[in-house]
Amino acid sequence: MAPGGQEKYVTSQGIDRTRRQVLTEAKPLFRGIRDEVDDTDVGGVAFGVVGLAFLADAYAAVQNDMRRFMNDAMEVMDEWAEALEDIERVWRAAEDYSTPKVVQGPGGRDVHITGPAVYQ
Numbered sequence: 030m031a032p033g034g035q036e037k038y039v040t041s042q043g044i045d046r047t048r049r050q051v052l053t054e055a056k057p058l059f060r061g062i063r064d065e066v067d068d069t070d071v072g073g074v075a076f077g078v079v080g081l082a083f084l085a086d087a088y089a090a091v092q093n094d095m096r097r098f099m100n101d102a103m104e105v106m107d108e109w110a111e112a113l114e115d116i117e118r119v120w121r122a123a124e125d126y127s128t129p130k131v132v133q134g135p136g137g138r139d140v141h142i143t144g145p146a147v148y149q
């Protein structure tokens, strides 16, 4: 149970919403950070003569690392989105399977049935 006594439930809609947020909110944030790395370029003279010899290459390496980290993060988010899509499909099938359907049976009597889960 969540703080304050509020119960939390996972739903297929919640899973889908999370997937969409990964793709539309989180991934663009990391793309923006990656794209702004070039804006952090420092001209050679800014480091000075001594700094140019020692710092320029190290600074460029850090920029390249940051680009790589952001690209790796975006790839992971794509993998998360794909996995969440599969999870949502299975979760929805479980929801459908666990929700009894009421149909009119013989003699006008209500009959409760549950169908098999379909994952595709």
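Start counting the sequence shown at 30; every next residue gets the next number (my numbering).
The C-beta atom is built at its ideal place from N, Cα and C for all residues, glycine as well.
Exercise. Quick one, which of ARG121, ASP125 and MET106 has its alpha-carbon nearest PRO57's?
Worked result: Here residue 57 corresponds to residue number 28 of the sequence shown, with the count starting at 1. For PRO57, the nearest C-alpha among the options comes from MET106.
For this session: Please name the residue, chosen from GLN50, ASP68, GLY34 and MET99, that lies closest to GLU114 on a Cα-to-Cα basis.
Result: By one-based count along the sequence shown, residue 114 stands at place 85. It is GLN50 whose Cα lies nearest to the Cα of GLU114.
For this session: Measure the Cβ-Cβ separation of MET103 and PHE59 and say whether it is below 8 Å.
Result: Position 74 of the sequence shown, counted from the first residue, corresponds to residue 103. Position 30 of the sequence shown, counted from the first residue, corresponds to residue 59. Cβ distance < 8 Å, so MET103 and PHE59 count as in contact.
For this session: Thinking SER41 and ARG97 are a contact (beta carbons under 8 Å), I'd like their distance in whole angstroms, please.
Result: Taking the first residue of the sequence shown as 1, we reach residue 41 at position 12. Taking the first residue of the sequence shown as 1, we reach residue 97 at position 68. In fact, because the Cβ distance is near 35 Å, the residues do not count as touching under 8 Å.
For this session: Would you tell me roughly how many angstroms separate the C-alpha atoms of VAL119 and ASP101, rounded to the nearest one?
Result: What you label residue 119 is simply residue 90 of the sequence shown in a count that begins at 1. What you label residue 101 is simply residue 72 of the sequence shown in a count that begins at 1. Taking the straight line joining both Cα atoms gives about 27 Å.
Exercise. Can you tell me where the alpha helix (DSSP H) with VAL91 in it begins and where it stops?
Worked result: By one-based count along the sequence shown, residue 91 stands at place 62. First-last of the alpha helix (DSSP H) with VAL91: 77 to 127.
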